[in-house]
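Data block below; observations after.
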Amino acid sequence: MPISQKAQYAVRAVFELAKRQGAGATKIGEIAEAQAIPQRFLENILNSLKGGGFVESVRGKDGGYLLARPAKELTVGAVLRFVEGPLAPVECMAGNKKGSCPMYGGCPFLSLWARAEKALEGVYDSTTFYELVAQEAEERRKPAVDFTI
C-alpha cells in the first residue's frame, strides 16, 4: 500500500528536525519551507508527533520543535507505524483487518504478502533518521557529474 501524504510529511518533518538536532528548536515555518510541507498540515502533524513522543515543543520567542530523542534511536518504521498503523502490503494483513478477506487462511498469496511485509518492515525499522541525515550529507559532498561533451 502506498504511504499516505500525511505519513510522508511526518517523515520529512522528523528528518528536518534530525538535521537540526542539537541546534535548538526549529520554527514550523522553517520546517515547512525546507521540506515543502504546507504549514497548515504541518501544525497538525507536529502536534500528533508530539503526542506520540517523537517531538517536543518549546514555547516563546525562540520556540519551535525539536526531536524528543536522538535521531540514532528513531526509525522511519516507528514514525510510519504511528501515523499509518501496520506496514502491511495489503489490507487483509493489516492489524484488525486480518481475516477480513474471504480467502484468508486459504489464500495462496498469504505467504507472499507475509514475506513482503517482513521485508518492508526490515527496511523501515533498520533505517534511522541519523542514517538519512548522514546519507544526505554524503550525497551533497559528491561532485556533480557533467555528462556534456
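Counting in the working numbering, the sequence shown runs without a single skipped number right up to 851 at its last residue.
C-beta atoms are modelled at their ideal positions from N, C-alpha and C, and glycine is treated no differently.
Computed from a prediction, not measured in an experiment: that's the story for all the values here.
Around threonine 830, the same chain offers Ala773, Lys774, Glu775, Leu776, Thr777 and Val778 as residues with beta carbons nearer than 8 Å, after the five sequence neighbours per side are excluded.
Glycine 762 and serine 750 have their C-alpha atoms some 20 Å from each other. DSSP, reduced to helix, strand and coil, places valine 792 outside both helices and strands of the structure shown, so it counts as coil. In this structure, the beta-carbon distance from tyrosine 767 to isoleucine 730 falls below 8 Å. Among the bridge pairs identified by DSSP, glutamate 758 is matched with Leu768. With contacts defined by Cβ atoms closer than 8 Å, phenylalanine 756 and tyrosine 711 do not form a contacting pair. Using a 10 angstroms sphere on the CB of methionine 805, the tally of other CB atoms stays under 16, which defines it as exposed. Per the coordinates, the alpha-carbon of leucine 782 lies some 6 Å from the alpha-carbon of alanine 709. Put simply, the backbone Cα of leucine 814 is about 25 Å away from that of valine 785. When the alpha-carbon of isoleucine 733 is set against those of Val716, Asn746, Ala725 and Gly724, the nearest one is in Val716. Rounded to the nearest whole angstrom, the C-alpha separation of alanine 790 and alanine 720 is 26 Å.
Going by DSSP, phenylalanine 717 is part of the alpha helix (DSSP H) stretching over 707-721. DSSP places lysine 752 in the uninterrupted alpha helix (DSSP H) bounded by 741-753. Distance from arginine 714 to glutamine 741 at the Cβ level is roughly 13 Å; contact not present, criterion being Cβ atoms closer than 8 Å.
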